[in-house]
Structures are given as C-alpha cells and as structure tokens.
Amino acid sequence: MRWLRTFGEVLRSGLAIEETRLEPLLALRTAAGVAIVVGPALWLVSPAYAASAALGAYSAGAATFQRTWRPRKVIALGAGLGLALSTFVGYLAAGRLVTFLPLLAVWAFAAGMAWSLGSTAGIVAATTVGSLLVTVTLPTSAGRALEHAGVIALGGVAQALLILLFPIRRWGAHRDALADALAAVADYARRLRHDPAAPFDPVPLMTARDAAAVTPSQARTRPPVLHGPRGLAERILPVVAALADPDVGAPAEGPGRDRARELLDTAADVLDAAARSIRRGTPAEVPPGSADVLRVDEEHEVLEGPARQAAERLVELLAEALEIAGSGGARGKAPTPSGSASAPILVRPTMFRLVPVVVREVRRELRRDSPVFRHAVRLAAVATLGYLIASWLPVGHGYWAPIASVMVMRPDFHRTYARAVGRLAGTLAGVALATGVVRALGPDAHVFGALAVVSAALSYTLIRTGYAYSQCFTAAYVVFLLGMGGQAWEQTVQERVVLTLLGGSLAMLAYAVYPAWETSRLPSRLADWLAAEGRYAAAVLRSYAEPTRERRADARRALLASREARAAWQEAYDQARQEPVRPRGLTSREAQEAQEALKRFDRAAMLMESHVPRAASRFAPEAERFAEALEADTAQAAADVRKHRNPDWGRVEETLQAWDGATAGDGNPVVRREAELQKRALEDLATAVSRTPLERDVGSAREEQRVRAAVAAAGAGSGPAHRGG
C-alpha cells in the first residue's frame, strides 16, 4: 500500500461512522456535570472561572467514556486532579519560553509514555497537556493559578459525585465483556456446523479475562454472575471444536454428523441465552427443546469414541450454562460453575499499589525501537514546535495548534492520520455551526454557557460514533466557551481553523519523519507467536504424559501467553497492512500464509486439550518426548524467523517417526492424530516464510553491501577517504 492509496484509506477511516450503540443517559449525566460547575461559576464568580470549571468537568467526563475496568468515578477524579496539577505547574513556568518549553517537552514526553499503561491512560494524559497549554493564559498570579486549579479539580469531583449518586448500568461494561465472550463461543459453535475447521478469534475471551480482574473493593460488590461463567466459556470452546472436527470428533457424513450439528446448534442457543441473561441481568428464555437435545441416550446414541466423550462433556457444561440463563444474574442466585468454585479472584492492583506496575511498564518501553517511546518523542517535539510556530504567527490563541497535534497523535500511523483528518473536518463543521448560532443569537455570556453545555452533551453522545462527528460539537463547545469569556467570535473562527490545520499537519509530518512502522516488526511478532504456540502445545502434551493439576496449570498459563502473542501479532499485522511502506522481511502473502498455518497449529493444540484425561493415568513417554522436540524446534524456528533463515523441524519429524514405531504408546488416538496435524501446520509455516536459494543469495549480497558501506563510513570519519577498491 503506497502513500496515495493510503491517504484514501485514511480519509475513509477518519470520516467513517461507527455503528455502535449510543448511550444518551450517560451523555446526559456527564453533560449535567458540566452544567453543575459552569452555571454557578458563571453566575457567582466570572466567565474566566466558568471556563476553568468547564475545562475540568468536560475533560473528566470525556475520560469516563474510555473503555476501562476501573470504577468510572476514580477515572473522573484522576483526570480532574491531573488537569489541575498541569494547570498550576504550567502557570509557574509560564511567561518565559526558556522555562515553559522544557516543561512542555517533559510533560508531553511523560504523557506519551503513559500509553505503555493502556489507551485510557494515554488519552487522559494527553488532555493534561492541553490543560497545560490553554490555562496558562487565564490566571494572573500564583494565587489565581491555584484557584483555577482548584476549580478545574472541582469539575472532576462533580463528575465523580454524579457517577456515585446516579449509577447507570452498574457493572455494565463488565457484563458486556462477559456476555460478548459467551456470544463469541455461541457464534463459533454455529459456524462449526457448516465449517468444522472454522477459526476462532480469542479476543472476546481475553477481554472478558481482563474485565474479570477487580480490586479488593470491587470484589466485595461484584455480582456473583460475573465470577464463573468466563471459565465456562473457556471450557466449552475446545469441546465444541473437538466435537465438530472430523479427525477426532464426529464423522464427516452420516447420522453422527447430523447429531453433532444438532448439539452444536443447541449449544449456540443456550450460550446466547446465557449471554442475554448476563447482559440484561434478567432470566432468559431457553428454547423449549434444548433439554431433549442435550439428553445423551446410553442405548441409542449414534456418536462413538472421542466424539461421544466430547458430546457427554458438552452436555455437562451446557447444563451449567442453562442454570446461569435461568438465574438472570440476580444477586445471590447465580450459580458458580463446577470447577471454578475454588478459582482465585483475578486481582487488579489498587491505585497506590499501581505505582511499581507503572514504573515497570514505563521502563520496559524506554528503548529506541518501542512504538510508545517513539510516540512520546514525537509528542514532545511536536508540542514544543507547534507552540513556537504559533507564538510567531500574528494570531491569538496560539495554543490551539499544539493542542490539535497532541489530541490527534497516537502510537500508530493509521489512527494518527485518520484522527488528523477527522479533527480538521469536525472543526470546520463545528466552527461553521457555532458561527451561525452566534450570529443569530448575538453575544450573551449566559446563552453561550447554555449552548456550551448542549454542545458538550451532543459531543458525549457521539463520542463512540466517530471522531469527526464528536469533534464537530467539541469545536462548537470551545467557540461558545470562548464567546462566554468575551472573545470575538469572528477572530475565533479564523484562528481555530488555521491553527487546527497547522497542528494536524505537524502531527502527520512528525510520523513521516520519525515513524514506528510495524511492517519491519512483523518477523519478530511472528517469531514471538510461534514460540508461544510451541510452549502451549508442549504443555498440553505433557498433560497427557502426566495429567496432574500442576501440568494443567502450566497449560493454562501457556495458553494465555499464546493468546497475548497472537493478539500482538494480529495488531501488528493489521497496522502493517495500512502502512505506506514496502514489506520488510515478510511480504503480505507470506504473512497471511504464515498466520493461517499458525492458526491451524493452535487449533490442533486446542483439540488435544479438550481430551486431556481428568485423572492421573499411566505415564506416556511418547507424548513427553514429542513435547520436548516440539518446544525445542519451535524455539529454534522462532530465532530463525527473526534472522530471516529457513526453519527446520528435524526433531519433530524424528520423534514422530519413533512414535509410529511405539505401538504400546499413548492409547488415546486424539494425541497422535493431532500431533500429525501440528507437524503439517509447521511444514506449511516453513513453506510460507522460507526463501529460495536465489533470494538468500540476494539477501546475503545486500547484507554484505551494507557492512561494507558501514565500514567505509567509519573509515571516512577517522581518516581520508580511499577511492576505488
């Protein structure tokens, strides 16, 4: 994808309408928080204080719309305190560029590094940079600066109090995450009816696990239904895959396949009912024939062998799901699935205990090749450069240019450019809309204050519909806010458009000058995923060799690590497809084929896991030896992929051949069949990433040329240049 085509994609993405569910009640409550602080400040004090109060309340309210599993009131308080601190510190350094610019650079760099903690922390930190820039023009003394900081913090407190007094869909985000996980498994079961090799995206399960981690205070108030069903979805997933697979489950055709399709369809209905029950908190109706379908007749059951075992296991798990669907998630009535009653609660650190976690995550990202570190450098450079350029221009409100840059910049290319386009389009529309309203109504501080609150409400309502459409009303909100403070709207319109264009252009130029392309990182991401999948498959095989609780725990940890590596690969792959640079190390076709091969490898390991014996059985040395060979070969292959060498599966092939000769090996046929499928998937992976002899020769020649050029450059720096050979 080249630059011209990329810009077309950026334009479509920046102006796209996201079809998400609107939350007008949340928007109304958050807008009420803005009105509560703006009205009294405007009526009792002055428009300047009302502007500070509006800044704190609006930014704190916007922070609560970010997807986070911490209490919303904590997010609002944290955002308000961060804005207040940046306001006061910014005023202390304001007045001289020699003190303010270093502070701005350091603060912006720290805000960029906040992305190492997640998108919510990064976005909230970016708003504090905006507060640092805009509020230095409001106070006239240190005392006044402290007063403005207190008023800004009061805006965050007001939002937190409203969340506490008027909760809307308490635990709603956590319920949605768990319901989405169950619905994803239900959709997977339906797709398996027609495609036994259908892939499954583990992201909903990963999100549900992230949502399940709670602080000790949250654990005391969490509804019982939110603790347990996630593990049920995790256990159902490999069972439905094993039932549908023609190699280790139901036969490809005949009555057995029809019975498997019937069970899969019923499983999907039951899981959907459980998802609706958890999402709404009310009992859900399950199709009346589900109980009859889930009855395994000992005498007339058509499924046999591993397929029958999978069917019986699925019936047991769906019985638990039926109880959840019938309970409606009511407090004290939701059953805890068997096998998870003693499962420990996933603990999320409190705000005070989060400090060492923050330090560790930030230190891990302090390296030149980190996208977060590069984003922080770009943010610091653009904020200071934008402020300097705007201060030299013959316009007021020069802080708008760096604010525009800071608010659109993201660690990846596509979102930065798409948000720059969306911000410019939204600003133009919002300024035009606000201009027309101001012309029609005339200057009036109280009217402008009311219009600012209405604009904030519309911005909150559309915040998840698309950045451009939310930004339209954000721009109108700022125009009304400045009009409330006595600024001439004609000057405001021109300045905001010009400076927004300047800030967006600087943000886009910064990424082009100092990029963090994911295209060049694809081989490393693929190698990480391959090594993680190898460890997961080896852990499952060791569970067959010695099915103990410790081995199952090892397999679980390896599974979670493989999912994280897969998600990191998928994110990098999606971003690389949107970047305007040539492939480096992996072409688009090679990356796609390697991805499909590793998905098949992961599926084979998942099918193995579904048939792991529940109790201790005799030792299976073949499974243990194959696990060791598989882990060793995948680890070596990961190193080969990073260095663009062809992977080799010599140990795997040798061990598999020895397994064929051991007739008294593992009595479970699933293990041997899936081991063969894993070997085929690894061979397909090697075919996808391997280079031909000609490609290796060309690559070696290019590497030799680079070495010679580096040596020549070093020699030129220490002595006279040599011509010729």
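Residue numbers (our numbering): 899 to 1623. Glycine residues also receive a C-beta, built at the ideal position from the N, C-alpha and C atoms. If you're wondering where the values come from, they're calculated on a predicted model, not measured in any experiment.
In this structure, DSSP gives V1479 a state outside helix and strand, which the three-state scheme calls coil.
Between the alpha carbons of A1278 and L1062 lies a gap of roughly 36 Å. Your pair D1163 and R1089 does not check out as a contact, with CB atoms roughly 11 Å apart and the cut at 8 Å. Partner residues in the beta bridge of V1245, as assigned by DSSP, are V1112. Per DSSP, reduced to three states, the secondary structure at F905 is helical. Rounded to whole angstroms, the gap between the alpha carbons of A1318 and D1074 is 31 Å.
Taking the C-beta atoms as reference points, L1212 is found no nearer than 8 Å to V1146.
One alpha carbon belongs to R1133, the other to L1215, and they sit about 8 Å apart. Linking L953 to L940 through their CA atoms gives a straight-line distance of about 13 Å. Leaving aside the five residues that flank A1414 on each side, the residues in its chain whose CB is nearer than 6 Å to its CB run, in chain order, P1269, R1272.
One alpha carbon belongs to A1056, the other to W1298, and they sit about 26 Å apart. The C-alpha of D1452 is placed about 47 Å away from the C-alpha of Y1367. With a minimum length of 4 residues, the unbroken runs of alpha helix (DSSP H) contained wholly in the segment 1484-1542 fall at 1486-1508, 1519-1540. Relative to P1292, the option among L1283, L1397, E1263, D1310 whose CA is nearest is L1397. Cα atoms of A1058 and Q1116: separation of roughly 16 Å, rounded to the nearest angstrom. Here M1307 carries a coil assignment [DSSP, helix/strand/coil]. Between the alpha carbons of T962 and L924 lies a distance of about 10 Å. In terms of Cβ geometry, V1550 and L1583 do not form a close pair [threshold 8 Å]. The Cβ atoms of A1208 and A1140 sit closer than 8 Å to each other. One alpha carbon belongs to L1264, the other to R1523, and they sit about 40 Å apart.
Annotation for G1347: V936, L940, M1382 place their beta carbon closer than 6 Å to its own, counting only its chain and skipping 5 residues before and after.
Residue ranges of uninterrupted alpha helix (DSSP H) with 4 or more members are absent from the segment 1321-1345; none lies entirely inside it.
Your pair L1400 and A1288 checks out as a contact, with CB atoms roughly 7 Å apart and the cut at 8 Å. Using a Cβ-Cβ distance cut-off of 8 Å, the segment 1095-1103 and the segment 1179-1186 are not in contact, since fewer than three pairs of beta carbons, one from each stretch, lie closer than that value. Counting along the chain, S950 sits inside the alpha helix (DSSP H) bounded by residues 945-961. For L1575, the closest alpha carbon among the candidates G1548, A1530, D1500, D1546 is that of D1500. A1079 is not a Cβ neighbour of W967, given a cutoff of 8 Å. Judged by DSSP in its simplified three-state form, G1401 adopts helix. In terms of CA proximity to I1222, L1169 leads the group V1260, L1169, R1206. By the neighbour-count definition (other C-beta atoms within 10 Å, threshold 16), W1290 is an exposed residue. According to the DSSP assignment, L1141 belongs to the alpha helix (DSSP H) that extends over 1127-1142. A straight-line Cα-Cα distance of about 27 Å links R1480 and D1546.
In the three-state scheme derived from DSSP, where H, G and I count as helix and E and B as strand, R1155 is classed as helix. Residue nearest to A1051 within the set M1011, S1303, A1084, G980 is G980 (criterion: CA-CA distance).
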